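K.L.:
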Amino acid sequence: MARMRIKILSLTLFLYATSLACKSSESPAPAPIVIPQTPVTPPKVYTFSTTPVWSDEFETPGLPDSKIWSYDVGGSGWGNNELQYYTDADIDNAHIENGILTIEAKKESFGGKSYTSARIVTKGKKDMLYGKVEVRAKVPAGRGNWPAIWMLASQSDYGTQYWPDNGEIDILEHVGYDPTVMHFSVHTKSFNHVIGTQKTSTTKIDDFDTAFHVYSIEWTPQTIQAYIDGKQYFYFENSGKGWQEWPFDKKQHVLINLAVGGDWGGQKGVDDSIFPNKFLIDYVRVYSLNP
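In the working numbering, each residue carries its 1-based index in the sequence shown increased by 45.
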């Protein structure tokens with residue numbers, strides 16, 4: 046019995062030693078693979094100056110400030126078959142009183158047209174690249190009118206045509222035959238109303254003609270966003286596919302006008318009982334894009 050126990054113990058020790066030898070001859074376990082983590086850069090958050098880089102509060106009676114505003118003049122139809130003649134610094138069509146700028150369309154014959162009005166522009170005086178624009182305004186009602194607050198390129202660097210190749214930003218458009226509906230659009234070579242591809246949003250403001258509202262845009266290298274009274278209703282993003290979709294990396298200027306008739310504004314005719322028709326502007330404020 047003792048000899049049997051010795052044999053079993055010897056066999057056990059042999060098997061244990063053999064297992065240790067086998068383990069020592071095995072290849073070491075591979076080290077874990079470490080995959081380097083690529084840091085994720087969060088999108089840039091754009092901010093704007095807290096005070097305007099320029100503004101017009103329309104505090105001085107008379108004509109608009111000539112250091113800020115010039116006039117587009119004539120009765121060419123302005124590419125839209127409009128019916129008015131835009132006058133040059135005529136106080137009957139553009140004047141400041143009691144802190145309010147009035148753009149006034151009148152039923153009168155002038156320059157071969159049956160209506161007069163004004164179109165004031167900041168081109169060459171207050172051109173801008175990126176920023177926030179705020180305009181507090183009361184929009185006139187009336188079938189046949191077409192008030193607008195908008196922006197155009199201050200140069201023609203892209204394509205073969207100034208428009209639409211160099212872009213247009215419509216901060217506000219309203220056509221009198223479709224009251225309460227406020228329009229914001231951008232136009233480019235790829236996106237424009239001539240080919241039916243414009244980028245547009247609409248919203249309704251019931252008291253558009255009885256109360257002042259703040260119409261604004263925020264324009265950055267990545268997006269154009271539109272607001273009424275701080276509520277966003279339009280968003281357009283830079284696709285990165287070139288100037289045909291995003292020509293908005295060049296300076297633009299502000300325009301304010303009150304058109305009569307035209308391809309859009311005049312679709313339901315013009316009600317002559319609305320004249321004189323008055324577009325009221327409380328202020329224009331422009332804020333710069335922070336670095």
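Think of the CB as a built atom: it goes at the ideal place given N, C-alpha and C, for glycine as much as any other residue. The structure displayed is predicted, hence computed values, not measured ones.
1) May I have the straight-line CA-CA distance separating Ala193 from Thr248, to the nearest angstrom?
2) Select from Asn283, Ile269 and Ser284 the residue whose C-alpha is nearest the C-alpha of Gln277.
3) What span of residues does the beta strand (DSSP E) with His219 cover, start to end?
4) How many whole angstroms separate the CB atoms of Asp274 and Pro185, which I take to be in contact at a CB cut-off of 8 Å?
5) DSSP three-state label for Ser94, please.
6) Which same chain residues, not among the five before or five after Trp291, have their C-beta less than 6 Å away from its C-beta?
7) Straight-line CA distance for Ser94 to Ser333?
8) Just checking, does the region 172-181 make contact with the region 251-267 on the three C-beta pairs under 8 Å criterion?
9) Would you report the Cα separation of Thr18 and Gly187, rounded to the nearest angstrom?
10) Helix, strand or coil: how does DSSP classify Asp101 here?
11) Sorted by chain position, which residues of the same chain lie with C-beta nearer than 8 Å to Gly107's C-beta, five sequence neighbours on each side aside?
12) Sort Ile262, His298 and Val305 by Cα distance to Thr92 and report the nearest one.
13) Just to confirm, are Asn211 and Ser201 a CB contact at a threshold of 8 Å?
14) In angstroms with no decimal places, state the Cα-to-Cα distance between Phe257 and Ala182.
15) Please report how far the alpha carbon of Val180 lies from the alpha carbon of Ile78, in whole angstroms.
16) In whole angstroms, what separates the C-alpha of Lys68 from that of Val85?
17) Give me the Cβ distance between Val259 and Trp99, rounded to the nearest whole Å; I'm assuming they're in contact under 8 Å.
18) Beta-carbon of Gly107 versus every beta-carbon of chain D: anything under 8 Å?
19) When the Cα of Asp316 is compared with those of Asp327, Gly221 and Leu300, which residue comes out closest?
20) Alpha carbons only, please: which of Asp327, Gln312 and Lys112 is nearest the one belonging to His219?
21) Quick check: the Cα distance between Phe293 and Thr233, rounded to an integer number of angstroms?
P.N.:
On the basis of the coordinates in this document:
1) The alpha-carbon separation between Ala193 and Thr248 amounts to approximately 15 Å.
2) The candidate whose alpha carbon is nearest that of Gln277 is Ile269.
3) Careful: His219 lies outside any beta strand (DSSP E) and carries neither H nor E.
4) Wrong, their Cβ atoms sit about 19 Å apart, outside the cutoff.
5) DSSP places Ser94 in the coil class of the three-state scheme, outside both helix and strand.
6) For Trp291, where only same-chain residues beyond five positions count, the Cβ hits under 6 Å are Asn283.
7) About 5 Å.
8) Segments in contact, yes.
9) Residue 18 cannot be examined here, being either before or after the span of the chain that is shown, 46 to 336.
10) Here Asp101 sits in strand by DSSP.
11) Listed in chain order, the non-local C-beta contacts of Gly107 below 8 Å within the same chain comprise Ile136, His140 and Ile141, local neighbours out to five positions each way being set aside.
12) Closest option to Thr92, Cα to Cα, is Ile262.
13) Result yes, Cβ atoms of Asn211 and Ser201 sit closer than 8 Å.
14) Going from the Cα of Phe257 to the Cα of Ala182 covers about 5 Å.
15) If you draw a straight line from the Cα of Val180 to the Cα of Ile78, it is about 59 Å long.
16) Caution applies to Lys68, whose pLDDT of 48 falls short of 50 and renders its modelled position unreliable; the value that the coordinates give is listed next. Annotation: Lys68 to Val85 spans about 44 Å, alpha carbon to alpha carbon.
17) That pair is no contact at about 17 Å.
18) The structure shown contains no chain D, having only a single protein chain.
19) If we check each option's Cα against that of Asp316, Gly221 comes out closest.
20) Ranking Asp327, Gln312 and Lys112 by Cα distance to His219 puts Gln312 first.
21) When rounded, the separation of the alpha-carbon atoms in Phe293 and Thr233 is 9 Å.
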